[in-house]
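Colleague: In this note's numbering, the protein residues as written are 442 to 553.
1) At the level of alpha carbons, what is the spacing between residue 514 and residue 506?
2) Can you round the beta-carbon distance between residue 497 and residue 487 to whole angstroms, since I take them to be within the 8 Å contact cut?
3) Please check the pair residue 529 and residue 537, which I expect to be a contact at CB under 8 Å, by giving their CB distance rounded to whole angstroms.
4) Kindly say whether residue 472, judged by its beta-carbon, lies nearer than 9 Å to any beta-carbon of chain C.
5) Does the distance from the C-beta atom of residue 482 to that of residue 475 stay below 9 Å?
6) In the DSSP assignment, find the alpha helix (DSSP H) that holds residue 479 and state where it starts and stops.
7) Distance check for residue 546 and residue 539, CA to CA, integer angstroms please.
8) Which of the three DSSP states, helix, strand or coil, is assigned to residue 504?
Set out below in structure tokens:
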């Protein structure tokens, strides 16, 4: 007998980290098509007008580079302070003392 609507044979779903088989197969096929036509693709790119070439390349960049999030300077500073805070919390006291000593010496030398 079939399952009721909304019910699956695997209630927990696919385990984390296990790739979708169909997606993996399609990605492999696309990779083979690209690899087999790489030289032709490069020739076609060079045949484009400069503006069209830039448009085509910029359209492909998202598949190579991770998407960058715009982050304000203050958010970046806060993230760096948080990371430094975690580092200080987990560092041995001797290391903290040496770093503090060095910072104080640098300030003294700067203020001369």
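Glycine included, each C-beta is placed from N, C-alpha and C at the ideal position.
Modeller: On the basis of the data shown:
1) Looking up residue 514 in the chain shown gives position 73. Looking up residue 506 in the chain shown gives position 65. Cα to Cα, residue 514 sits roughly 22 Å from residue 506.
2) Along the chain shown, read from residue 1 onward, the residue named residue 497 stands at position 56. Along the chain shown, read from residue 1 onward, the residue named residue 487 stands at position 46. Between residue 487 and residue 497 the Cβ distance is about 11 Å, and since that is not below 8 Å, they are no contact.
3) Reading the chain shown from its first residue, position 88 is the one you call residue 529. Reading the chain shown from its first residue, position 96 is the one you call residue 537. Confirmed, Cβ separation roughly 6 Å.
4) Reference to chain C is not applicable here, since this structure consists of a single protein chain.
5) The residue you call residue 482 lines up with position 41 of the chain shown. The residue you call residue 475 lines up with position 34 of the chain shown. Cβ distance < 9 Å, so residue 482 and residue 475 count as in contact.
6) Here residue 479 is taken as the residue at index 38 of the chain shown, counted from 1. Run containing residue 479: 479-488, per the alpha helix (DSSP H) assignment.
7) What you label residue 539 is simply residue 98 of the chain shown in a count that begins at 1. What you label residue 546 is simply residue 105 of the chain shown in a count that begins at 1. In a straight line, the C-alpha of residue 539 is about 11 Å away from that of residue 546.
8) As a first step, residue 504 is located in the chain shown; it is residue number 63 there, counting from the start. Residue state, collapsed to three classes: coil.
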